[in-house]
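>
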Amino acid sequence: MRIIVPAALLLLIWIVTENRLLLLVRRDDLSGGRSGSVRIVQISDLHRRQFGKGQRRIVKSTAAQRPDVIFVTGDLVTRIETDFTGKQQLLRELCRIAPVYMIYGNHEQSLPDEYEGEFLKAAAGTDTVLLRNSSRTLTVKGRELHIYGFEPDYRVYKHTGAKHPYKDLLTVTAEDITAAVGVRPEGECLLLAHNPMFAQAYAEWGADFTFCGHVHGGVVRLFGAGVLSPERRFFPRYTKGVYTVGGKKVCVSAGLGKLRLFDPPEINVYDI
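First residue of the sequence shown: 1211, per the working numbering; consecutive thereafter.
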């Protein structure tokens, strides 16, 4: 008991510190030493977490990286949110730093129609480019980047209303991606896709770099491994970091929001 009580107290202090005070900036140099590298900041899975008034810690940390482009890879909101004023202000601040490209996560996909409309109006009130199975081309430092946003059938996440909502979920293939966004063009292709579980399909489609979130780093990390996915799967394969799949790079952010343990909130910086 003499050991258990202090240990429990220390764990509680760490949980509060990790979830309320920490914000890591994780950097990965994927440029291979090439000159004229492009810097990307990725922000994922904020949900309802606050990082200072007006999310100023996120804005300040992002601005300090001097990015060429910012990717918001889903779950900026949570499905029960009804007021998106704060998220609109965050997007406006990010757009002042660099061009912002955003996709839906499963929480945006499951917003009630009324509130999804409000969210879309909030996003449209900024310069954010929302990619819903669509693409844009951005020229940075003489490089033409084809940026795609992939939004799968919601049933890859959950069967709404089913007795076993996480059983027999749909999967994603390269053919599904082609059907949604088209054939991969020539040149450099970057894919924003919320769920990293389909990394093989993203690579087979041909994305040079894919940017994902969703898994929150596995919620709890033990010995460098994430423990749990949102689909109630233990030790999912892709949770945090940069993976090489079929010769392509899949970049998975542990994200910012929701309760976590030994898995600090992070924004991600990539030089490509």
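Even for Gly, the Cβ is constructed at its ideal location relative to N, Cα and C.
It should be emphasised that the depicted structure is a prediction, and the values quoted were computed from it without experimental measurement.
Do the CB positions of Met1312 and Val1282 come within less than 9 Å of each other?
For Met1312 and Val1282, yes; Cβs fall inside 9 Å.
> Just reading off the alpha helix (DSSP H) that Ile1387 is part of, what are its end residues?
Ile1387 -> alpha helix (DSSP H) spans 1384 to 1391.
> Between the alpha carbons of Gly1359 and Tyr1453, how many angstroms are there, rounded?
Those two C-alpha atoms are separated by around 19 Å.
> Based on DSSP bridge pairs, tell me the residues matched to Cys1305.
Answer is none; Cys1305 lacks a bridge partner.
> With DSSP run on the structure shown, which of helix, strand or coil describes Thr1347?
DSSP places Thr1347 in strand when its eight states are reduced to three.
> Between the segment 1284 to 1301 and the segment 1388 to 1397, do three or more beta carbon pairs fall short of 8 Å?
Counting Cβ pairs under 8 Å, fewer than three are found: no touch.
> Report back the beta-carbon spacing between Val1455 and Ala1413 to the nearest angstrom; my notes put them in contact at under 8 Å.
Contact flag correct, Cβ pair sits at about 4 Å.
> Taking the alpha helix (DSSP H) that Asn1229 belongs to, which residues open and close that run?
Per DSSP, Asn1229 belongs to the alpha helix (DSSP H) from 1214 to 1230.
> Which residues in the same chain have their Cβ closer than 8 Å to the Cβ of Leu1379, if we skip the five residues on either side of it in sequence?
Excluding positions up to five away in sequence, the list reads Arg1365, Val1366, Tyr1367, Lys1368, His1369, Glu1441.
> Looking only at its own chain, which residues have a Cβ that is under 6 Å from the Cβ of Leu1304, when we skip the five neighbours before and after it?
Around Leu1304: Ile1280, Val1310.
> To which residues of the same chain is Gly1335 closer than 6 Å at the C-beta, ignoring the five residues directly before and after it?
Answer for Gly1335: Gln1298, listed in chain order.
> Note down the Cα distance separating Thr1349 from Leu1219, rounded to an integer number of angstroms.
If you take the alpha carbons of Thr1349 and Leu1219, they lie about 52 Å apart.
> Between which residues of its own chain and Gly1352 is the CB-CB distance below 8 Å, once the five residues before and five after are set aside?
Around Gly1352: Gly1246.
> Less than 9 Å between the beta carbons of Ala1409 and Tyr1448, yes or no?
Contact: yes.
> Taking 9 Å as the cut-off, decide whether the C-beta atoms of Lys1450 and Phe1419 are in contact.
Not closer than 9 Å, so no.
> For the alpha helix (DSSP H) that contains Asn1316, what are its first and last residues?
Looking at the DSSP string, the run of the alpha helix (DSSP H) that includes Asn1316 is 1316 to 1319.
> Have a look at Val1248, Leu1231, Asn1343 and flag the residue whose alpha-carbon is nearest the alpha-carbon of Gly1262.
Among Val1248, Leu1231, Asn1343, the Cα nearest to that of Gly1262 belongs to Leu1231.
> Do we get a CB-CB distance below 9 Å when we pair Arg1431 with the residues of chain C?
The structure shown contains no chain C, having only a single protein chain.
> Whose CA, out of Asp1481, Phe1445, Pro1406, lies closest to the CA of Gly1465?
Answer by Cα proximity: Pro1406.
> Below 8 Å on the Cβ atoms is my guess for Val1479 versus Arg1236; work out the distance and round it to an integer in Å.
With 8 Å as the limit, Val1479 and Arg1236 qualify as a contact, their Cβ atoms being about 7 Å apart.
> With H, G and I counted as helix, E and B as strand and the rest as coil, what does DSSP make of Lys1458?
Three-state result, Lys1458: strand.
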